[in-house]
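Peer 1: One structure follows; several queries about it will come next.
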Amino acid sequence: MKRFTAWRRRPWAGYAVVLAALAAIGVIYAGFSPQTERAQAAAGKAQTAEDIEHGKQLFNKNCASCHGLNAEGTKDAEGNVIAPSLIGVGAASVDFQVSTGRMPAMNPGAQIPRKDPIALFDTTIETDYEDPERREAAERQKAQAEDNLHDLIAYIDSLGGGPAIPPESVTNPEGGDAALGGKLFRTNCAQCHNFTGQGGALTGGKYAPALSTNDVTPTQIYEAMLTGPQAMPVFDDTTLSPKDKQAIIAYLVETREEPNPGGWGLGRMGPVSEGLAGWLFGIGFMVLAAMWITAKKPKKLKKS
């Protein structure tokens with residue numbers, strides 16, 4: 408006991424206690440952090456040196472011309488960014504950009520549009536063919552595309568950490584609260600994407616893409632919130648928790664299948680399309696009715 412009391416009275420004892428407390432807090436936070444849990448769950452297939460080397464070859468062939476040989480990004484003669492650095496962007500960002508076909512980009516611009524992924528990374532290949540040979544060839548092509556995408560992600564991720572690809576447990580819409588998701592979506596997303604995810608125009612030639620089609624997968628929606636591509640802000644886990652993101656996904660998926668009990672949905676674009684329909688059909692009908700009434704002369708006037 409005396410030895411402990413003497414040790415505690417030393418000048419550096421207080422600093423040692425503070426450092427130990429900070430280390431303990433860091434270990435506890437890392438153990439319970441949702442990001443760590445997702446990273447462990449999303450690992451799935453191990454990243455080997457061979458995978459990373461193959462991913463580097465794919466990067467040099469398809470991405471380096473814009474992003475630089477070391478993924479450091481490139482600028483034009485005036486110092487304007489042509490392609491950003493990919494160091495530290497994380498696996499989720501690469502998966503989102505490549506799986507949606509935005510990368511590799513055909514032309515630089517204010518907004519990179521969604522398109523079909525290139526064949527090397529197209530994991531959406533149709534494999535449901537009756538012909539066994541055609542089905543087998545499509546399955547091989549799809550498996551190769553999945554390996555290519557995994558290896559490219561492994562290479563970019565090896566350059567610096569970042570958000571991991573979320574597991575299905577947090578992207579599955581069936582596990583989300585659609586009512587809560589509707590409130591969160593209207594609060595955080597509807598200003599750009601419209602209250603039903605139809606998308607909308609932004610400034611400077613940019614736009615918020617539509618989220619109402621089935622080709623926009625739950626994983627891609629989650630990755631977009633996690634990484635904030637282009638004009639979209641980042642909604643990390645301190646802003647929207649994984650459960651909140653899952654609730655928003657549940658709301659969007661449910662909205663796609665929701666009927667229109669009031670009749671014609673008018674694209675669910677809100678008061679703009681409804682007002683346009685009112686002017687074209689409502690006032691147009693009134694004008695035609697007025698023309699018909701004034702064009703028909705009473706019989707009494709004809710006799711006189």
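Count the sequence shown with this note's numbering and you get residues 408 to 711, in order. For glycine and all other residues, C-beta sits at the position ideal for the given N, C-alpha and C. Since we're looking at a predicted model, the values are computed, not measured.
Taking the beta carbon of Y629 as the centre, do at least 16 other beta carbons fall within 10 Å, making it buried, or is it exposed?
Peer 2: Here residue 629 is taken as the residue at index 222 of the sequence shown, counted from 1. Flag for Y629 reads buried.
Peer 1: Kindly give me the distance between the Cβ atoms of T530 and I656, rounded to whole angstroms, as I take these residues to be in contact under 8 Å.
Peer 2: Indexing the sequence shown from 1 puts residue 530 at position 123. Indexing the sequence shown from 1 puts residue 656 at position 249. So it is not a contact: roughly 19 Å between Cβ atoms.
Peer 1: In the DSSP assignment, find the beta strand (DSSP E) that holds V488 and state where it starts and stops.
Peer 2: Sequence index remark: in the sequence shown, residue 488 carries index 81 (1-based). Looking at the DSSP string, the run of the beta strand (DSSP E) that includes V488 is V488 to A490.
Peer 1: Suppose you measure from the CA of Q464 to the CA of P491; what does that come to, to the nearest Å?
Peer 2: On the sequence shown, position 57 is the one that residue 464 refers to. On the sequence shown, position 84 is the one that residue 491 refers to. Approximately 19 Å between the Cα atoms of the pair.
Peer 1: Answer with buried or exposed for D523, where buried requires no fewer than 16 other C-beta atoms within 10 angstroms of its C-beta.
Peer 2: Translated into the one-based positions of the sequence shown, residue 523 becomes position 116. Flag for D523 reads exposed.
Peer 1: Looking at P573 and T626, is the spacing between their C-beta atoms short of 8 Å?
Peer 2: As a first step, residue 626 must be located in the sequence shown, where it is residue number 219. As a first step, residue 573 must be located in the sequence shown, where it is residue number 166. Yes, Cβ-Cβ distance for T626 and P573 is below 8 Å.
Peer 1: T534 by DSSP, collapsed to three states: which one?
Peer 2: One-based indexing of the sequence shown puts residue 534 at position 127. Three-state DSSP puts T534 in coil, outside helix and strand.
Peer 1: Helix, strand or coil for A449 per DSSP?
Peer 2: Along the sequence shown, read from residue 1 onward, the residue named residue 449 stands at position 42. Note on A449: pLDDT 44, under 50, position unreliable in the model; no value is reported.
Peer 1: Taking 7 Å as the cut-off, is the C-beta of A545 nearer than that to any heavy atom in the ligand MG?
Peer 2: This structure lacks the ligand MG, and indeed carries no ligand of any kind.
Peer 1: Can you tell me where the alpha helix (DSSP H) with R542 in it begins and where it stops?
Peer 2: Taking the first residue of the sequence shown as position 1, residue 542 is located at position 135. Element bounds for R542: P539 to S565.
Peer 1: Is it right to say Y351 is buried, meaning 16 or more other beta carbons lie within 10 angstroms of its own, or is it exposed?
Peer 2: Since the first residue shown for the chain is 408 and the last is 711, residue 351 is missing from the structure and cannot be characterised.
Peer 1: Where Q598 and N487 are concerned, what is the direct C-alpha to C-alpha distance, given to the nearest angstrom?
Peer 2: As a first step, residue 598 must be located in the sequence shown, where it is residue number 191. As a first step, residue 487 must be located in the sequence shown, where it is residue number 80. Using only the alpha carbons, I get a separation of about 29 Å.
Peer 1: Out of A517, Q518, R521 and A552, point me to the one whose CA is closest to E533's CA.
Peer 2: One-based indexing of the sequence shown puts residue 533 at position 126. When each option's Cα is compared against that of E533, the closest is A552.
Peer 1: What separation, rounded to the nearest whole angstrom, lies between the Cα atoms of R542 and E460?
Peer 2: Residue numbering aside, residue 542 sits at position 135 when the sequence shown is read from its first letter. Residue numbering aside, residue 460 sits at position 53 when the sequence shown is read from its first letter. Cα to Cα, the separation comes out at about 30 Å.
Peer 1: Kindly indicate which residue of G606, L527 and L633 has the alpha-carbon position closest to the one of D558.
Peer 2: The sequence position of residue 558 within the sequence shown is 151, counting from 1. Ranking the options by Cα distance to D558, first place goes to L527.
Peer 1: Have a look at A499 and G508 and give me their C-alpha separation to the nearest angstrom.
Peer 2: As a working mapping, residue 499 is identified with position 92 in the sequence shown. As a working mapping, residue 508 is identified with position 101 in the sequence shown. Using only the alpha carbons, I get a separation of about 14 Å.
Peer 1: Just to confirm, are L618 and G604 a CB contact at a threshold of 8 Å?
Peer 2: Taking the sequence shown and counting its residues from 1, the one referred to as residue 618 is at position 211. Taking the sequence shown and counting its residues from 1, the one referred to as residue 604 is at position 197. Their beta carbons are under 8 Å apart, which means L618 touches G604 by this criterion.
Peer 1: Please list the terminal residues of the continuous alpha helix (DSSP H) segment that includes V713.
Peer 2: Residue 713 lies beyond the range of the chain shown here (408 to 711); nothing can be said about it.
Peer 1: With distances taken Cα to Cα, identify the nearest neighbour of E664 among L695, P649 and A585.
Peer 2: In the sequence shown, counting from the first residue as 1, residue 664 sits at position 257. Taking only the C-alpha atoms, the option nearest E664 is A585.
Peer 1: I'd like the span of the alpha helix (DSSP H) that includes M632, first residue to last.
Peer 2: If you number the sequence shown from 1, residue 632 lands on position 225. Counting along the chain, the alpha helix (DSSP H) containing M632 begins and ends at P625 to T634.
Peer 1: Report the three-state DSSP secondary structure of T481 (helix, strand or coil).
Peer 2: Here residue 481 corresponds to residue number 74 of the sequence shown, with the count starting at 1. Looking at T481 - three-state DSSP - the assignment turns out to be strand.
Peer 1: Give the secondary structure of G611 by DSSP, where H, G and I count as helix, E and B as strand, and everything else as coil.
Peer 2: For the purposes of this step, residue 611 is identified with residue 204 of the sequence shown, where counting begins at 1. The answer is coil: DSSP assigns G611 none of H, G, I, E or B.
Peer 1: Under 6 Å Cβ to Cβ from Q504, same chain only, skipping five residues before and after it: list those, please.
Peer 2: As a working mapping, residue 504 is identified with position 97 in the sequence shown. Counting only Cβ-Cβ distances below 6 Å, and skipping sequence neighbours, we find M510.
Peer 1: Cutting at 6 Å between CB atoms, please list the residues of its own chain near T662, excluding the five before and the five after it.
Peer 2: Taking the first residue of the sequence shown as 1, we reach residue 662 at position 255. Result list for T662: T603, in chain order.
Peer 1: Does the Cβ of F642 have 16 or more other Cβ atoms within 10 Å, making it buried, or fewer, making it exposed?
Peer 2: Residue 642 sits at position 235 when you count from the first residue of the sequence shown. The residue is buried, with at least 16 neighbouring Cβ atoms inside 10 Å.
Peer 1: From E457 to N467, what distance separates their C-alpha atoms?
Peer 2: For the purposes of this step, residue 457 is identified with residue 50 of the sequence shown, where counting begins at 1. For the purposes of this step, residue 467 is identified with residue 60 of the sequence shown, where counting begins at 1. Cα to Cα, E457 sits roughly 15 Å from N467.
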